[in-house]
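Asker: If you scroll down you'll find the structure; I have some questions about it.
Residue numbers (our numbering): 42 to 161.
See below:
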């Protein structure tokens, strides 16, 4: 049997921009993507801590060390600049691997910089 488990999470990212006229997605600083083991076009769940909105989109790699967290297209209507987000992705894990599996948790501080990385 397989279970869906949290693979990676960025906690506390701050929305820096929105672009309603783009096709859709979330542009995310390359540094944050690498830290959380995210890849371009990966599906993510976005949980808006500031207003309770929850939605699915995919990632586009933003400029390294820019701090960019930009919601594009329809997703731009679910956030405001300055909102605090959780960005999460999930994976299928065989039950016999669950005990040794640990998600990557990235804690963000001001300016979308990494404060802490947890892997347990």
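Ideal Cβ positions, reconstructed from N, Cα and C, are used throughout, including at glycine.
Hey, is the region 92-102 in contact with the region 133-145, meaning 3+ C-beta pairs nearer than 8 Å?
Answerer: No contact exists between the region 92-102 and the region 133-145.
Asker: So is residue 45 buried or exposed if we call it buried at 16+ other beta carbons inside 10 Å?
Answerer: Exposed is the call here.
Asker: Using a threshold of 8 Å, state whether the C-beta atoms of residue 90 and residue 125 are closer than that.
Answerer: The answer is yes: Cβ separation under 8 Å.
Asker: Since residue 58 and residue 122 are thought to touch, with beta carbons under 8 Å apart, how far apart are those beta carbons, to the nearest angstrom?
Answerer: With 8 Å as the limit, residue 58 and residue 122 qualify as a contact, their Cβ atoms being about 7 Å apart.
Asker: Rounding to the nearest angstrom, what Cα-Cα distance links residue 159 and residue 146 in this structure?
Answerer: Going by the C-alpha atoms only, they are around 5 Å apart.
Asker: Find out if the Cβ-Cβ distance for the pair residue 86, residue 95 is shorter than 8 Å.
Answerer: In this structure, residue 95 lies closer than 8 Å to residue 86 by Cβ.
Asker: So for residue 74, helix, strand or coil by DSSP?
Answerer: Helix at residue 74.
Asker: Label residue 120 either buried or exposed according to how many other C-beta atoms from any shown protein chain fall within 10 Å of its C-beta, with 16 as the threshold for buried.
Answerer: It counts as buried.
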